[in-house]
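So the structure is just underneath, and the comments pick up after that.
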Amino acid sequence: MGDLKITEDVIPSPEKPTKKNKFAFACAILASMTSILLGYDIGVMSGAVIFIQPDLKISDVQVEILMGIINLYSLFGSAAAGRTSDWIGRRYTIVLAAAIFFIGALLMGLAPNYAVLMFGRFVAGVGIGYALMIAPVYTAEVSPASSRGFLTSFPEVFINAGIMFGYVSNYAFRNLPQHLSWRLMLGVGAIPSVFLGFGVLTMPESPRWLVMQGRLGDAKRVLLKTSDSKEEAEMRLADIKQAAGIPDHCIDEVVQVSKQSHGEGVWKELLLRPTPAVRRILIAAVGIHFFQQSSGIDTVVLYSPRIFKKAGIVNSSALLGATVAVGFVKTITILIATFLLDRIGRRPLLLASVGGMIGCLALLATSLTVVDHHPDTKLMWAVALSIAMVLAYVAFFSIGMGPITWVYSSEIFPLRLRAQGASIGVAVNRVTSGVITMTFISLTKAITVGGAFFLFMGIAMVAWVFFYTFLPETQGRTLEGMGALFGIVSENGNKDGQESGEKEGHIQLSANNRPA
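Here it is as structure tokens:
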């Protein structure tokens with residue numbers, strides 16, 4: 033880093049940090065846009081199934097499977113994404129995700145029957161699994177500590193944007209012939225993946241992945257573009273080198289790295305012989321992903337037309353219009369959340385979000401139960417309360433639980449475990465979502481719609497207790513300093529992050545005192 037030390041005493045002009053933050057901002061947007069693929073599929077399928085069921089003459093059980101199976105299919109992608117991204121890089125893994133989804137969307141749009149439609153969902157699911165794992169990992173690794181929460185929340189922003197686009201697609205194609213409407217709804221999803229695949233090629237590779245490959249020169253150049261200052265770029269490079277096991281005195285463009293930097297032995301360290309600190313990190317990541325989905329968000333998003341119909345709305349256009357409102361509220365509130373993550377912190381937002389969800393689920397379950405007990409009477413107050421609580425529920429979810437799950441799980445793992453650790457979190461997320469969405473119709477038949485939401489309320493209450501007792505605040509810490517929160521000890525005997533505490537404090541001070 034000799035060439036950096038020459039200009040060490042030069043005070044950077046005020047314009048430079050802004051320029052560099054804009055570059056990190058652009059990288060985060062491009063990477064996170066892959067999440068729009070999942071969002072679009074969730075949103076469009078909620079309305080498309082209204083036309084698919086009568087056209088293909090499928091049962092409610094087949095509808096459940098069709099809606100939720102893509103979450104299980106995505107496991108194949110998320111399981112492979114960790115090793116793939118360690119091998120070919122974060123950037124090319126994003127391109128691979130877009131290409132796979134493109135093929136899946138075409139298959140679904142051209143499907144002549146249920147079997148081909150299911151195969152198309154399998155292919156699209158693999159692409160979604162890749163995208164869900166790699167987007168937050170890349171964004172976390174390229175972002176400066178001062179704005180990592182803001183930038184790493186972008187995948188959830190684009191999931192919500194995709195959901196809204198899916199809802200709008202449903203509404204736009206609703207009046208076409210039945211056999212054509214749902215095929216266009218699904219097939220249009222192939223278009224954004226083309227632009228994403230080519231757009232991602234303009235991004236730099238993750239600096240942390242470059243260091244893992246021994247490409248210190250390339251990593252340094254990326255860090256200079258994505259850090260708030262040259263001093264921060266130096267500190268980030270030093271921290272990454274230490275985490276990767278590269279001596280600090282190594283300043284060559286390319287250095288030799290150990291074989292494990294390519295991902296070997298990581299699964300053993302994560303699952304078979306984890307240290308107490310790694311085990312706690314894994315439980316935190318798995319827990320936050322499990323509770324995000326088990327509290328019922330995907331059932332509300334996927335089955336909102338069915339929920340609104342149960343509440344008393346029977347016209348198809350009105351159902352789809354109310355569903356568009358759900359997508360709009362989710363998108364607006366997630367945008368608000370991105371600006372709060374690095375100002376308020378992860379824990380306060382998460383706890384407030386889940387608390388609000390509990391209240392909304394209680395009122396939604398109550399109103400739907402009242403409607404269920406008065407089948408011959410249309411209670412307008414109960415209908416209005418049901419719609420209001422669905423909108424409030426998705427708003428509370430998007431202000432905290434939605435974005436923080438991806439931000440938190442992508443930043444707490446040590447460098448050597450990050451890709452595979454994040455893929456475990458995504459796998460749990462998708463399995464839980466798949467189980468919930470594939471059983472929702474059967475669950476409502478067994479315990480009523482209101483009973484199902486009382487169940488989700490109980491799960492959300494357990495989630496609040498887990499988050500309050502188990503998840504430490506991560507706001508403002510560098511990724512390499514995250515180990516101190518979980519008790520990871522570095523080779524020099526100190527907790528990770530202590531050695532560079534003064535440096536981190538300097539970064540935090542400058543970040544927290546920058547003009548609003």
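Using my numbering, read the sequence shown as starting at 33 and increasing by one per residue. Note that beta-carbon positions come from the ideal geometry of N, C-alpha and C, so glycine has one too.
Asked	Found
Under the three-state reduction of DSSP, which class applies to Glu505: helix, strand or coil?	coil
Taking the C-alpha atoms as reference points, what is the distance between Asp374 and Met433?	15 Å
By Cβ distance below 7 Å, which residues in the same chain neighbour Trp299 in space, the five residues on each side in sequence not counted?	Gln452
Measuring only the C-alpha atoms, how far is Ala384 from Val439?	17 Å
Is Phe134 closer than 9 Å to Ala143 when the C-beta atoms are compared?	no
Checking 9 Å against the spacing of the C-beta atoms, do Glu443 and Thr184 come in under that value?	yes
Given a cut-off of 9 Å on the beta-carbon distance, is the pair Tyr425 and Ser78 in contact?	no
Given 8 Å as the limit, is there contact between the segment 112 to 123 and the segment 486 to 494, that is, 3 or more CB pairs closer than that?	no
In terms of alpha-carbon separation, which member of Ala343, Ala495 and Arg450 lies closest to Ala397?	Ala343
Have a look at His321 and Pro279 and give me their C-alpha separation to the nearest angstrom.	35 Å
From Asp87 to Asn145, what distance separates their C-alpha atoms?	9 Å
Once DSSP output is grouped into helix, strand and coil, what is the label at Arg115?	helix
Write down every uninterrupted run of the alpha helix (DSSP H) in the segment 111 to 180 whose length is 4 residues or greater and which is fully enclosed by it, in chain order.	122 to 141 and 146 to 174
Touching or not, the segment 362 to 377 and the segment 181 to 198, by the rule of three or more beta carbon pairs under 8 Å?	yes
Restricting to Cα atoms, I'd like to know which of Ser261, Ala265 and Asp260 is closest to Lys252.	Ala265
Which same chain residues end up closer than 7 Å to Leu367 when comparing Cβ atoms and leaving out the 5 residues on each side of it in sequence?	Val189
Would you call the segment 471 to 480 and the segment 406 to 416 touching, i.e. three or more CB-CB distances under 8 Å?	no
What's the gap between the Cα of Lys273 and the Cα of Arg180?	20 Å
For Lys252, does the three-state DSSP call read helix, strand or coil?	helix
How close, in whole Å, do the beta carbons of Arg305 and Val232 come, if the pair is a contact with beta carbons under 8 Å?	Actually they are not in contact, since the Cβ atoms of Arg305 and Val232 sit about 36 Å apart, beyond 8 Å.
Given this structure, state the Cα-to-Cα distance separating Ala309 from Gly277, to the nearest angstrom.	19 Å
By Cβ distance, which residues of its chain are closer than 7 Å to Val200, with the 5 residues on each side in sequence left out?	Val356
How is Val318 classed by DSSP in three states: helix, strand or coil?	helix
Output the distance between the C-alpha atoms of Pro187 and Pro168, rounded to the nearest integer angstrom.	6 Å
Can you look up Val422 in the DSSP assignment and give me helix, strand or coil?	helix
Which residue's Cα is closest to the Cα of Thr437: Val463, Val467, Gln324 and Val497?	Gln324
Could you work out which residue in Phe108, Leu248 and Leu303 is closest to Asp284 when comparing CA atoms only?	Leu248
Would you grab the beta carbon distance between Gly219 and Ala137 for me? Rounded to a whole angstrom, and I think it's under 8 Å.	6 Å
Considering Cα atoms alone, identify which of Lys341, Val386 and Asp73 is closest to Arg215.	Asp73
Which residues mark the beginning and the end of the alpha helix (DSSP H) in which Leu382 is found?	Arg378 to His405
Grab the span of the alpha helix (DSSP H) containing Gln210 for me, first residue to last.	Gln210 to Gly219
Take the Cβ of Phe429 as the centre, count every other Cβ of all protein chains shown within 10 Å, and call the residue buried at 16 or more, exposed below.	buried
Cα separation between Gln245 and Leu393?	48 Å
If I measure Cβ to Cβ from Gln507 and keep anything under 7 Å in the same chain, skipping five residues before and after, which residues do I get?	Gly181, Asp374, Gly377 and Arg378
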